[in-house]
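Residue numbers (the working numbering), protein chains in the order written: chain A, 45 to 129; chain B, 35 to 321.
Even for Gly, the Cβ is constructed at its ideal location relative to N, Cα and C.
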């Protein structure tokens, strides 16, 4: 009936913003807790491998009505006898 | 009604008359001002016009509005809280509509004490009405606190009203989450105040955008219609008018609540998009 309007319009901007907003709303975690969670994930991974901290990306993604935590954590193999921090 | 191969079972089941009594439908939204009260009034009128026995309940304690939209504001003697607190019998609070004698309204109280009503009270009232009528439509207040929980408690079916506007959709999403948590899902969506021209220009969220984001099925799309204002002014809901587009949209929603397959109405001249929109409705309503 009405189709999808031109991609450049504010309608698609609204849709993008909503997708971002809702994935955060749905996880129902306050930002400080979300940040703490990300740090703890990195700490755990760091016990096993040496994490390339600058290039880490841990984000929330929208899948139907179930959000997902998607992490990209580049690492280098640990030297012998690593000292977990 | 035909067979719907592969359709999701998301069209509301047709109400069973007398055997199990009335179907209780709560109209909610989260955000205020999106059209809950207008939707409640119009669905009520539309159902009564097709010979259903309907009771409307204004559950917005302290901010009574359904009476105004229905044009019944000068006939209020008792209200919902009077019934709950035993000052009157349920029947005494039911205002009968003059043109549609099978349509009744139980108005809200104007008390500021929201704790006057509990979910159990609402369930009790709904249970008393169930054997007597076909539909009980409850107008839910905006918000997500007690008023929302009260209005939703007796519901068999919940309709979420939203506008193709970012804040409204965000609030609708929150409501969907709360309803799932209370085992009142899956709800159906009424997309209200749609402006086809703006959607065509890409300046408004489309019905597809909204249903993609919210992941629920549509039960109705209601176009923006300035006659809604005139209708409120005169206390005559649009569903009375046969030449009103919004009125027709509300009548279609009423028919879908009855379990009927109703093609969505044409809001512009581009018939090529009809099939795409049809898929957004429960049970594959065909164009």
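Scan the stretch 102 to 172 of chain B and note each continuous alpha helix (DSSP H) run of 4 residues or more that stays entirely inside, going in chain order. 114 to 118, 124 to 127 and 153 to 163
Taking 7 Å as the CB-CB cut-off, is residue 203 of chain B touching chain A? yes
Secondary structure, beta strand (DSSP E): runs of 3+ residues fully inside the stretch 166 to 230 of chain B: 169 to 173, 191 to 196 and 222 to 228
Please classify residue 127 of chain B: is it buried, with 16 or more other beta-carbons within 10 angstroms of its beta-carbon, or exposed? buried
Just how far apart, CA to CA, sit residue 143 of chain B and residue 208 of chain B? 27 Å
Measuring only between beta-carbons, confirm whether residue 57 of chain A sits less than 7 Å from chain B. no
Indicate whether residue 60 of chain B and residue 203 of chain B have their beta-carbon atoms separated by less than 7 Å. no
What are the boundary residues of the alpha helix (DSSP H) that residue 89 of chain A is part of? 75 to 90
Taking 8 Å as the threshold, find out whether the stretch 261 to 272 of chain B comes into contact with the stretch 280 to 297 of chain B through three or more Cβ pairs. yes
Pair every Cβ in the stretch 95 to 106 of chain B with every Cβ in the stretch 142 to 157 of chain B, then say whether three or more of these pairs are closer than 8 Å. yes
Check residue 60 of chain B in the structure and name its three-state DSSP category. strand
Have a look at the DSSP bridge pairing and note the partners of residue 115 of chain A. A:102
Coarse secondary structure for residue 281 of chain B, derived from DSSP in three states: helix
Name the residues in the stretch 59 to 77 of chain A whose C-beta lies less than 7 Å from a C-beta of chain B; which are they? 59, 61, 62, 63, 65, 66, 69 and 70
Using the Cα positions of residue 44 of chain B and residue 97 of chain A, report the straight-line distance between them to the nearest angstrom. Per-residue confidence for residue 44 of chain B stands at a pLDDT of 47, beneath the threshold of 50, marking its modelled position as unreliable; the derived number appears in the next sentence. Their backbone Cα atoms lie some 46 Å apart in a straight line.
At the level of alpha carbons, what is the spacing between residue 298 of chain B and residue 111 of chain A? 31 Å
Contacting residues, own chain, Cβ-Cβ under 6 Å from residue 258 of chain B (five flanking each side not counted): 227 and 229
Run through the DSSP bridge pairs and tell me what residue 88 of chain B is partnered with. B:137 and B:169
Within 9 Å of chain E by C-beta, residues of the stretch 142 to 170 of chain B in sequence order: Although the question refers to chain E, the structure presented lacks it and instead comprises the protein chains A and B.
For residue 278 of chain B, is the classification buried or exposed, using 16 other Cβ atoms within 10 angstroms of its Cβ as the cut-off for buried? buried
Mapping DSSP to helix, strand and coil, what is residue 254 of chain B? strand
Can you check which of these residues, A:82, A:118, A:114 and A:107, is closest to residue 99 of chain A by C-alpha distance? A:118
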